[in-house]
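J.: If you scroll down you'll find the structure; I have some questions about it.
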Amino acid sequence: SKLAKIKEQKSFDIANDLANGVDAAIINSFAQDGETLKLLKQSENIDDENDLAAIRIYKVMRPGEPVVKDAAKAFVNDLFFNPERYDLT
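Heads up, the sequence shown is in the numbering used here, so the first residue is 22 and it goes up one at a time.
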């Protein structure tokens with residue numbers, strides 16, 4: 022299985038692993054967003070890469086909505102780190 026291969030290798034390339042079987046439109050939306058994020062970083066003085074990552078995820082998940090750094094961070098935090106959403110016990 023794929024999990025067994027990963028355990029054997031002890032390291033793997035996430036980008037390639039995630040790209041297998043993923044819709045090209047999703048990948049392209051991240052690639053096309055690069056220039057916009059560079060401009061946003063310069064104009065908004067966003068130096069934290071975590072903030073830029075949150076903004077990028079927000080723009081892909083909610084296209085067309087205006088991006089506010091705090092809203093993007095809250096969205097990503099709720100999406101991935103909310104203990105009420107993911108009860109792993």
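Idealized CB from N, CA, C, for every residue including glycine. This one's a predicted model, so the numbers in the text were calculated from it and none came from an experiment.
1. Considering only the alpha carbon of each residue, which of G85, P84, K80 and K90 lies closest to D69?
2. Compare the Cα-Cα distances from N98 to each of A25, E29 and D72 and report the closest residue.
3. Helix, strand or coil for N103, going by three-state DSSP, please let me know.
4. DSSP three-state call for R83: helix, strand or coil?
5. Which word fits Y79, buried or exposed, when buried means at least 16 other C-beta atoms lie within 10 angstroms of its C-beta?
6. Please state the DSSP three-state secondary structure of D108.
T.: Reading from the atomic positions:
1. Numbered from its first residue, the sequence shown carries residue 69 at position 48. Cα-wise, what sits closest to D69 is K90.
2. Along the sequence shown, read from residue 1 onward, the residue named residue 98 stands at position 77. When only C-alpha atoms are compared, the closest one is D72.
3. Numbered from its first residue, the sequence shown carries residue 103 at position 82. The DSSP-derived three-state label of N103 is coil.
4. The residue labelled residue 83 in the question sits at position 62 within the sequence shown. Three-state DSSP puts R83 in coil, outside helix and strand.
5. For the purposes of this step, residue 79 is taken as the residue at position 58 of the sequence shown. Buried, since its Cβ has 16 or more Cβ neighbours within 10 Å.
6. As a working note, residue 108 is residue 87 in the sequence shown. Collapsing the DSSP output to three states places D108 in coil.
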